[in-house]
Amino acid sequence: MTDASAPKPVEFCDSNLGVMVALLRETEPAKLADALHVMLGGMPDFFNGEPLVLDFSALAQVPARVDWTGLMSLLRRYRTQPIAVCNLPETLVAGARHAGIAILAPEHARSSPATPEPRAAAAPEPEPAPQAAPAPPPTAGVAPTMYIDRPLRSGQQIYARNADLVLLGGVSPGAEVIADGSIHCYGPLRGRALAGAHGDAGARVFSSNFGPELVSIAGVYRTFERGLPPAVAGRPTQVRLRQSGDRQELNVEPLSLD
1 MTDASAPKPV EFCDSNLGVM VALLRETEPA KLADALHVML GGMPDFFNGE PLVLDFSALA
61 QVPARVDWTG LMSLLRRYRT QPIAVCNLPE TLVAGARHAG IAILAPEHAR SSPATPEPRA
121 AAAPEPEPAP QAAPAPPPTA GVAPTMYIDR PLRSGQQIYA RNADLVLLGG VSPGAEVIAD
181 GSIHCYGPLR GRALAGAHGD AGARVFSSNF GPELVSIAGV YRTFERGLPP AVAGRPTQVR
241 LRQSGDRQEL NVEPLSLD
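Those letters in the sequence shown? Residues 1 to 258, by my numbering.
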(Lines of atoms letter the chains of each structure in order from A and count residues from 1; the text may use other names and numbers.)
(Lines give C-alpha, C1' and ligand atoms only; values in the text may rest on other atoms or scores of the structure.)
Protein backbone atom coordinates (compact mmCIF):
# COMPACT_ATOMS: atom_id res chain seq x y z
CA MET A 1 0.00 0.00 0.00
CA THR A 2 1.07 3.59 -0.51
CA ASP A 3 0.01 7.06 0.55
CA ALA A 4 -1.84 8.47 -2.45
CA SER A 5 -1.09 12.05 -1.36
CA ALA A 6 2.69 11.65 -1.39
CA PRO A 7 4.61 12.82 -4.51
CA LYS A 8 5.36 9.87 -6.77
CA PRO A 9 8.98 9.28 -7.90
CA VAL A 10 7.66 8.90 -11.46
CA GLU A 11 4.48 10.16 -13.14
CA PHE A 12 3.21 9.26 -16.61
CA CYS A 13 1.59 12.04 -18.65
CA ASP A 14 1.34 13.63 -22.12
CA SER A 15 3.77 15.80 -24.07
CA ASN A 16 3.69 18.27 -26.94
CA LEU A 17 5.04 15.48 -29.14
CA GLY A 18 1.92 13.36 -28.70
CA VAL A 19 3.86 10.60 -26.93
CA MET A 20 3.84 9.56 -23.30
CA VAL A 21 6.23 11.27 -20.88
CA ALA A 22 7.66 9.93 -17.64
CA LEU A 23 8.20 12.87 -15.29
CA LEU A 24 11.06 11.68 -13.07
CA ARG A 25 11.61 12.88 -9.53
CA GLU A 26 14.11 10.09 -8.91
CA THR A 27 16.72 8.38 -11.13
CA GLU A 28 17.85 5.46 -8.99
CA PRO A 29 16.48 2.30 -10.72
CA ALA A 30 15.95 0.44 -7.43
CA LYS A 31 13.77 3.22 -5.96
CA LEU A 32 11.87 3.62 -9.23
CA ALA A 33 11.29 -0.14 -9.38
CA ASP A 34 9.59 -0.04 -5.97
CA ALA A 35 7.45 2.96 -6.99
CA LEU A 36 6.41 1.38 -10.30
CA HIS A 37 5.52 -1.88 -8.59
CA VAL A 38 3.13 -0.02 -6.29
CA MET A 39 1.79 2.34 -8.99
CA LEU A 40 1.20 -0.31 -11.66
CA GLY A 41 0.36 -3.27 -9.46
CA GLY A 42 3.55 -5.15 -10.35
CA MET A 43 2.20 -5.88 -13.84
CA PRO A 44 5.17 -6.18 -16.24
CA ASP A 45 2.85 -5.84 -19.26
CA PHE A 46 1.03 -2.72 -18.02
CA PHE A 47 1.85 -0.69 -21.12
CA ASN A 48 1.71 -1.87 -24.71
CA GLY A 49 5.01 -0.84 -26.26
CA GLU A 50 4.28 2.93 -26.12
CA PRO A 51 7.20 5.26 -26.95
CA LEU A 52 8.36 7.17 -23.89
CA VAL A 53 10.22 10.45 -23.27
CA LEU A 54 11.96 10.94 -19.91
CA ASP A 55 11.48 14.43 -18.46
CA PHE A 56 14.05 15.41 -15.80
CA SER A 57 12.58 18.84 -14.99
CA ALA A 58 11.15 17.70 -11.62
CA LEU A 59 14.36 16.32 -10.10
CA ALA A 60 14.70 17.56 -6.52
CA GLN A 61 18.42 16.85 -6.57
CA VAL A 62 20.68 16.28 -9.59
CA PRO A 63 22.64 13.03 -9.17
CA ALA A 64 26.33 12.77 -9.99
CA ARG A 65 25.52 10.11 -12.59
CA VAL A 66 22.59 8.10 -13.95
CA ASP A 67 22.55 4.34 -14.41
CA TRP A 68 21.17 4.62 -17.94
CA THR A 69 21.38 0.88 -18.60
CA GLY A 70 19.43 0.03 -15.45
CA LEU A 71 16.91 2.81 -16.04
CA MET A 72 16.19 1.77 -19.64
CA SER A 73 15.94 -1.89 -18.64
CA LEU A 74 13.43 -1.09 -15.89
CA LEU A 75 11.16 0.94 -18.17
CA ARG A 76 11.27 -1.71 -20.92
CA ARG A 77 10.23 -4.27 -18.33
CA TYR A 78 6.86 -2.49 -18.22
CA ARG A 79 6.68 -2.60 -22.03
CA THR A 80 7.55 1.03 -22.74
CA GLN A 81 10.06 2.11 -25.39
CA PRO A 82 12.28 4.95 -24.04
CA ILE A 83 13.27 7.03 -27.06
CA ALA A 84 14.62 10.32 -25.68
CA VAL A 85 15.11 12.63 -22.71
CA CYS A 86 14.30 16.30 -22.17
CA ASN A 87 15.18 18.92 -19.55
CA LEU A 88 18.28 16.90 -18.70
CA PRO A 89 20.81 18.72 -16.49
CA GLU A 90 23.94 19.62 -18.46
CA THR A 91 26.13 17.48 -16.21
CA LEU A 92 24.21 14.37 -17.31
CA VAL A 93 24.03 15.07 -21.06
CA ALA A 94 27.38 13.44 -21.92
CA GLY A 95 26.38 10.20 -20.18
CA ALA A 96 23.04 10.11 -21.98
CA ARG A 97 24.67 10.63 -25.36
CA HIS A 98 27.27 7.96 -24.60
CA ALA A 99 24.37 5.59 -23.87
CA GLY A 100 22.85 6.44 -27.27
CA ILE A 101 19.85 8.37 -25.93
CA ALA A 102 18.43 11.30 -27.92
CA ILE A 103 18.31 14.74 -26.26
CA LEU A 104 15.17 16.76 -26.97
CA ALA A 105 14.78 20.53 -26.81
CA PRO A 106 13.08 21.93 -23.66
CA GLU A 107 9.92 22.97 -25.52
CA HIS A 108 8.99 19.28 -25.86
CA ALA A 109 8.64 18.92 -22.11
CA ARG A 110 5.35 18.16 -20.44
CA SER A 111 3.16 21.19 -19.89
CA SER A 112 2.91 21.54 -16.12
CA PRO A 113 -0.12 22.94 -14.28
CA ALA A 114 1.90 25.93 -13.11
CA THR A 115 0.43 29.29 -12.11
CA PRO A 116 -0.39 31.32 -15.24
CA GLU A 117 2.20 33.93 -16.17
CA PRO A 118 1.29 37.46 -15.11
CA ARG A 119 0.06 39.69 -17.90
CA ALA A 120 1.15 43.25 -18.49
CA ALA A 121 -1.19 45.70 -16.82
CA ALA A 122 -3.67 47.22 -19.25
CA ALA A 123 -4.47 50.92 -19.35
CA PRO A 124 -7.30 51.78 -16.93
CA GLU A 125 -10.76 51.94 -18.49
CA PRO A 126 -13.95 53.62 -17.27
CA GLU A 127 -15.86 51.39 -14.88
CA PRO A 128 -18.87 49.74 -16.58
CA ALA A 129 -22.35 49.91 -15.18
CA PRO A 130 -23.07 47.24 -12.52
CA GLN A 131 -24.07 43.90 -14.04
CA ALA A 132 -25.05 40.52 -12.74
CA ALA A 133 -22.05 38.29 -12.10
CA PRO A 134 -21.47 35.91 -15.03
CA ALA A 135 -21.72 32.18 -14.48
CA PRO A 136 -18.34 30.62 -13.62
CA PRO A 137 -16.62 28.97 -16.60
CA PRO A 138 -16.31 25.18 -16.74
CA THR A 139 -13.35 23.75 -14.86
CA ALA A 140 -10.34 23.81 -17.17
CA GLY A 141 -8.88 20.50 -18.29
CA VAL A 142 -11.92 18.35 -17.44
CA ALA A 143 -12.83 16.13 -20.36
CA PRO A 144 -16.32 14.66 -20.93
CA THR A 145 -17.10 11.25 -19.54
CA MET A 146 -15.85 8.48 -21.84
CA TYR A 147 -18.47 5.87 -22.79
CA ILE A 148 -17.51 2.43 -24.13
CA ASP A 149 -20.45 0.56 -25.65
CA ARG A 150 -18.70 -2.67 -26.62
CA PRO A 151 -17.32 -5.44 -24.40
CA LEU A 152 -13.54 -5.40 -24.01
CA ARG A 153 -11.69 -8.56 -24.97
CA SER A 154 -8.50 -9.91 -23.42
CA GLY A 155 -5.49 -7.75 -24.31
CA GLN A 156 -7.51 -4.58 -24.98
CA GLN A 157 -6.89 -1.42 -22.97
CA ILE A 158 -8.98 1.75 -22.52
CA TYR A 159 -7.72 4.94 -20.84
CA ALA A 160 -10.12 7.78 -19.94
CA ARG A 161 -7.75 10.72 -19.57
CA ASN A 162 -8.98 13.46 -17.19
CA ALA A 163 -12.40 11.82 -17.18
CA ASP A 164 -14.66 9.18 -15.67
CA LEU A 165 -15.06 5.95 -17.62
CA VAL A 166 -18.46 4.31 -18.18
CA LEU A 167 -18.44 0.75 -19.56
CA LEU A 168 -21.78 -0.44 -20.91
CA GLY A 169 -20.35 -3.84 -21.82
CA GLY A 170 -18.17 -6.16 -19.80
CA VAL A 171 -14.41 -6.36 -19.29
CA SER A 172 -12.93 -9.78 -20.07
CA PRO A 173 -10.04 -11.37 -18.17
CA GLY A 174 -6.78 -9.89 -19.45
CA ALA A 175 -8.37 -6.59 -20.52
CA GLU A 176 -7.55 -3.35 -18.75
CA VAL A 177 -9.49 -0.15 -18.04
CA ILE A 178 -7.84 2.99 -16.66
CA ALA A 179 -9.39 6.34 -15.75
CA ASP A 180 -8.13 9.52 -14.13
CA GLY A 181 -11.58 9.70 -12.54
CA SER A 182 -13.97 6.93 -11.48
CA ILE A 183 -14.86 3.73 -13.36
CA HIS A 184 -18.48 2.54 -13.78
CA CYS A 185 -18.91 -0.94 -15.28
CA TYR A 186 -22.45 -2.14 -16.05
CA GLY A 187 -21.34 -5.53 -17.33
CA PRO A 188 -19.11 -8.20 -15.80
CA LEU A 189 -15.81 -6.72 -14.61
CA ARG A 190 -13.24 -9.47 -15.04
CA GLY A 191 -10.02 -7.67 -16.06
CA ARG A 192 -8.01 -4.94 -14.36
CA ALA A 193 -9.56 -1.63 -13.30
CA LEU A 194 -7.40 1.33 -12.27
CA ALA A 195 -9.23 4.50 -11.20
CA GLY A 196 -7.70 7.79 -10.05
CA ALA A 197 -4.70 7.03 -12.24
CA HIS A 198 -3.17 10.46 -11.67
CA GLY A 199 -3.62 10.42 -7.91
CA ASP A 200 -7.31 11.24 -7.34
CA ALA A 201 -7.92 9.52 -4.00
CA GLY A 202 -11.64 10.34 -4.23
CA ALA A 203 -12.13 8.20 -7.36
CA ARG A 204 -14.12 4.95 -7.10
CA VAL A 205 -14.79 1.76 -9.04
CA PHE A 206 -18.41 0.64 -9.46
CA SER A 207 -19.40 -2.70 -10.93
CA SER A 208 -22.76 -4.44 -11.31
CA ASN A 209 -20.99 -7.83 -11.58
CA PHE A 210 -17.73 -7.74 -9.65
CA GLY A 211 -14.94 -10.17 -10.47
CA PRO A 212 -11.72 -8.35 -11.43
CA GLU A 213 -8.16 -9.59 -11.42
CA LEU A 214 -6.95 -6.30 -9.91
CA VAL A 215 -8.46 -3.01 -8.77
CA SER A 216 -6.52 0.15 -7.97
CA ILE A 217 -7.34 3.68 -6.84
CA ALA A 218 -4.62 6.36 -6.89
CA GLY A 219 -1.93 3.68 -6.93
CA VAL A 220 -3.31 1.68 -3.99
CA TYR A 221 -4.18 -1.73 -5.41
CA ARG A 222 -5.56 -5.13 -4.51
CA THR A 223 -5.42 -8.44 -6.35
CA PHE A 224 -7.68 -11.47 -5.97
CA GLU A 225 -5.47 -14.50 -6.66
CA ARG A 226 -7.04 -16.29 -3.70
CA GLY A 227 -10.56 -15.55 -4.83
CA LEU A 228 -13.11 -12.84 -4.26
CA PRO A 229 -14.90 -12.28 -0.95
CA PRO A 230 -18.29 -14.07 -1.16
CA ALA A 231 -20.14 -10.86 -0.28
CA VAL A 232 -19.02 -9.18 -3.52
CA ALA A 233 -18.21 -11.98 -5.97
CA GLY A 234 -20.44 -11.49 -9.02
CA ARG A 235 -22.47 -8.87 -7.17
CA PRO A 236 -22.92 -5.08 -7.38
CA THR A 237 -19.85 -3.63 -5.68
CA GLN A 238 -18.01 -0.39 -5.12
CA VAL A 239 -14.32 0.11 -4.36
CA ARG A 240 -13.02 3.23 -2.64
CA LEU A 241 -10.14 4.39 -0.47
CA ARG A 242 -10.52 4.72 3.27
CA GLN A 243 -8.13 6.02 5.90
CA SER A 244 -6.71 3.35 8.19
CA GLY A 245 -4.45 4.93 10.77
CA ASP A 246 -1.69 6.73 8.92
CA ARG A 247 -2.28 5.01 5.57
CA GLN A 248 -4.99 4.49 2.99
CA GLU A 249 -6.47 1.10 2.15
CA LEU A 250 -8.92 -0.14 -0.46
CA ASN A 251 -12.41 -0.84 0.80
CA VAL A 252 -14.32 -3.37 -1.33
CA GLU A 253 -17.96 -3.41 -0.28
CA PRO A 254 -21.35 -4.60 -1.59
CA LEU A 255 -23.42 -1.95 -3.35
CA SER A 256 -27.13 -1.94 -2.64
CA LEU A 257 -29.18 -1.12 -5.75
CA ASP A 258 -32.59 -1.40 -4.06
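Cβ atoms here follow ideal geometry from the backbone N, Cα and C, with glycine treated the same way.
Quiz item: The beta strand (DSSP E) with T145 in it runs from where to where?
Solution: No beta strand (DSSP E) holds T145; DSSP gives it neither H nor E.
Practice problem: For my contact list, I178 and Y147 are in at a C-beta cut-off of 8 Å; report their separation, rounded to the angstrom. | Solution: Not quite, the Cβ-Cβ distance comes to about 15 Å (not below 8 Å), so this is no contact.
Exercise. Please go through the same chain and pick out, in chain order, the residues whose beta-carbon is closer than 7 Å to the beta-carbon of A102, but skip the five residues on each side of it.
Key: I83, A84
Exercise. Please determine, among D200, L23, G49, T223, the residue with the shortest C-alpha to C-alpha distance to G191.
Key: T223
Quiz item: Which partner residues of N251 appear in the DSSP bridge assignment?
Solution: The partner list for N251 (beta bridge, DSSP) reads R240.
Quiz prompt | Span separating the alpha-carbon of P62 from that of L71 | solution = It should be noted that the sequence gives Val, not Pro, for residue 62. Cα to Cα, V62 sits roughly 15 Å from L71.
Exercise. May I have the straight-line CA-CA distance separating G100 from L189, to the nearest angstrom?
Key: 43 Å
Practice problem: Quick one: grab the DSSP three-state call for P124. | Solution: Here the model assigns P124 a pLDDT of 48, short of 50, so the residue's position is not dependable and the matter cannot be decided.
Self-check item: Contact set for P151: own chain, Cβ-Cβ below 8 Å, skip 5 residues either direction
Solution: G169, G170, V171, S172, G187
Exercise. Take the Cβ of T237 as the centre, count every other Cβ of all protein chains shown within 10 Å, and call the residue buried at 16 or more, exposed below.
Key: buried
Practice problem: Taking only the alpha-carbon atoms, compute the straight-line gap between A94 and Q243 and give it to the nearest angstrom. | Solution: When rounded, the separation of the alpha-carbon atoms in A94 and Q243 is 46 Å.
Exercise. Pick helix, strand or coil for L104, following the three-state DSSP scheme.
Key: In this structure, DSSP gives L104 a state outside helix and strand, which the three-state scheme calls coil.
Quiz prompt | Straight-line gap, E213 to E225 (C-alpha atoms, nearest Å) | solution = 7 Å
Self-check item: Straight-line gap, G227 to D164 (C-alpha atoms, nearest Å)
Solution: 27 Å
Exercise. Could you name each continuous beta strand (DSSP E) segment of 3 residues or more that falls completely within the segment 52-88, going from the start of the chain to the end?
Key: 80-86
Quiz item: Got a sec? Which residues, its chain only, sit under 6 Å from F206 by beta carbon, not counting five neighbours each side?
Solution: H184, Q238
Self-check item: E176 - containing alpha helix (DSSP H), residue span
Solution: Counting along the chain, E176 falls outside any alpha helix (DSSP H), though it belongs to the beta strand (DSSP E) covering 176-179.
Exercise. Please list, in chain order, all residues of the same chain as L257 whose beta carbon is under 7 Å from its beta carbon, the five residues on each side excluded.
Key: P236
Quiz prompt | C-alpha distance - T69 paired with A218, whole-angstrom precision | solution = 29 Å
Quiz item: How would you label E26, buried or exposed, when you count the other beta carbons within 10 angstroms and need 16 or more for buried?
Solution: buried
Practice problem: Using three-state DSSP, classify P9 as helix, strand or coil. | Solution: coil
Practice problem: Consult DSSP for T223 and reduce its assignment to one of helix, strand or coil. | Solution: strand
Quiz item: Considering only residues of the same chain and omitting the five flanking positions on each side of P9, which have a CB-CB separation below 7 Å?
Solution: R25, E26, K31, L32, A35
Practice problem: Could you tell me the distance, in whole angstroms, from the CA atom of A64 to the CA atom of G211? | Solution: 47 Å
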